[in-house]
Each structure stands twice: as C-alpha cells, then as structure tokens.
Amino acid sequence: LGVRPVAISVDTPAESRDLMRKAGYTFTFLSDPNAEVIRRYDILHKGAGMGGRDVARPAEFLVDRNGIVRWRNLTEDLRVRARPDDMIEAAAKAQ
Amino acid sequence: MNERRFNWPLWAGLALSVVAVFSYAFFFYRFPITRDVPWVSYILLAAAIVLLIAGVRRAFGGGIGRKIVAVVVAAIGVGLAALFVASVTVFSRVPTGANIPAVGAKAPDFTLPDASGKPVALAQLLAEPGANGVMLVFYRGYW
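Printed below as a string of structure tokens:
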C-alpha cells in the first residue's frame, strides 16, 4: 500500500529502542518527549502518564502524500484502540 | 446447624473477584476481543457477586462473628468489582480536543528524532520514493 506506519509518543529514543527490541518492531518510532507535536495535534492527555507525566491520548491519523488527513480514529476510551485491520482498511480505501 | 462449617461460597466469591480483576490486567487485556468490552471479566465478577451473596446468606444462619466476617469479605469483593467497572469505564475516558486535525485538513508538519536519534520530518516521510502516505499512530508510551 506504500503507507508507512509511524508510532509517536513521549518516550525518549532510548525507550523506543528498548520497546522495538523487546517487541521486535521494525517500523519508525518518533520521540516527542516535550509533547510539542502531540500538543500541535491537540491530543495531549495531561498528567495521564507515569508519575503524572503528560502523554498523548491514543489517536491514529492517515496522512496522504500531499499531507492531507484522509482518515482518523479518536477513541473515547484509552483501552480501545484502532486495530491493525482498521488501519489497513483505511489505507486501502484511501488509495 | 452449619455453625462450624467452612463458608465456601463466601471465600470462593472473594477469590473469584480477585481472579477476575487480575486475569483482565495480565491476560484478557492483551486481546481486543476481551479488552474493548471486558465481557469475560464481567461474567466472572457477576458469578463472584452471586457467590458472595450466597456466602452472606449462609453466614446469617450463624453467630455474630461469622456475620461480620461475611459482610467484610463481601464488601471487599463487591468493592473490587466496582473498582474494576469504574476503571474500564469512567477512569479510561480520554479528553477530546477541539483542534485535532480533521479529515480533509492539512496534517501539521513536524520533525522529531527517531529511535536512533536521527531527526525525521513528516514532509520527508511523505516525499520518499514509493511512499503513499503515512499512518501516524500516537500512543501513550512507556509505563
């Protein structure tokens, strides 16, 4: 599909490396430790992380080649995330 | 009668409510089918409450000591169930923002370090040969 998954969180690159090694993930992980981009996307969940840290709420965006959002998924419950199949379907539909 | 008999429904009810909570946290949470709507946990908790009620009724045929133990144990079990329901409903609500990029809107560009510390820009990912877009997955991160 040519759509690349990119995972973004407040984790540092070292924490992401750790996660990638443990879970065997090979896709791109980006670190936003000060939640600047997370704030720009207006998806900050204040004080919800470890030790009251500000984290991203779970959210998924499909961005096309022109930088336009083609699909998004905003859960209301942090336990309920987009499933891989949902994202693949959205990516396929947007072609 | 039954004065000295072990109140098994009571203790089984407590054990089952503990099992229900821990089995979700350490097992059922891993699978969307038993996580998104934690139906297995709800069934286990409902069974636990039935046992706890049976245990309390049974204790009310006995002395004051047994009654107090039964009520306290049942309260702990029901409390665990209530806490569980609250955590998977009220406590897992996420706030919603008014300025979240909408479908059809431009996704704000950014540059962030990847896992090796190398800066990566959204524009750069989109411009890669053969790239047909990216799926940005924001997640809560380590805890």
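Chains as they are written, first to last, in the working numbering: chain A, 1 to 95; chain B, 1001 to 1143.
Glycine residues also receive a C-beta, built at the ideal position from the N, C-alpha and C atoms.
Exercise for the section: Taking C-beta pairs closer than 8 Å, name the residues in chain A that Gly1141(B) reaches, listed in chain order. Expected result: Ser9, Val10, Asp11, Glu15, Gly49, Val55 and Ala56
Practice task
Can you give me the start and stop residues for the alpha helix (DSSP H) that Glu36(A) sits inside?
Solution key: Glu36 to Arg40
Exercise for the section: Drop a sphere of 10 angstroms on the beta-carbon of Phe1138(B), count the other beta-carbons inside from all chains shown, and report buried for 16 or more, exposed for fewer. Expected result: buried
Problem - Spatial distance of Glu36(A) from Ile88(A) (CA atoms) - result: 27 Å
Handout entry: Cβ-based contacts, 7 Å cut-off: residues of the segment 59-85 of chain A near chain B
Key = Ala59, Glu60, Phe61, Leu62, Val63, Asp64, Arg65, Gly67, Ile68, Val69, Arg70, Trp71, Arg72, Leu74, Thr75, Glu76, Asp77, Leu78, Arg79, Val80 and Arg83
Problem - Contact list for Arg1030(B) against chain A, beta-carbon separation under 7 Å - result: Within chain A, no residue comes near Arg1030(B); the closest Cβ sits about 11 Å away, beyond 7 Å.
Exercise for the section: Indicate whether Ala1115(B) and Phe29(A) have their beta-carbon atoms separated by less than 8 Å. Expected result: yes
Exercise for the section: Could you run through the segment 24-53 of chain A and flag, in chain order, every residue whose CB is less than 8 Å away from some CB of chain B? Expected result: Thr28, Phe29, Leu30, Ser31, Asp32, Glu36, Val37, Ile38, Arg40, Tyr41, Asp42, Ile43, Leu44, His45, Lys46, Ala48, Gly49 and Met50
Exercise for the section: Find out if the Cβ-Cβ distance for the pair Val69(A), Gly1104(B) is shorter than 8 Å. Expected result: yes
Exercise for the section: Using alpha carbons as the reference points, say which of Arg4(A), Arg57(A) and Ser16(A) lies closest to Val1118(B). Expected result: At residue 1118(B) the sequence reads Lys, which differs from the Val that was named. Taking only the C-alpha atoms, the option nearest Lys1118(B) is Ser16(A).
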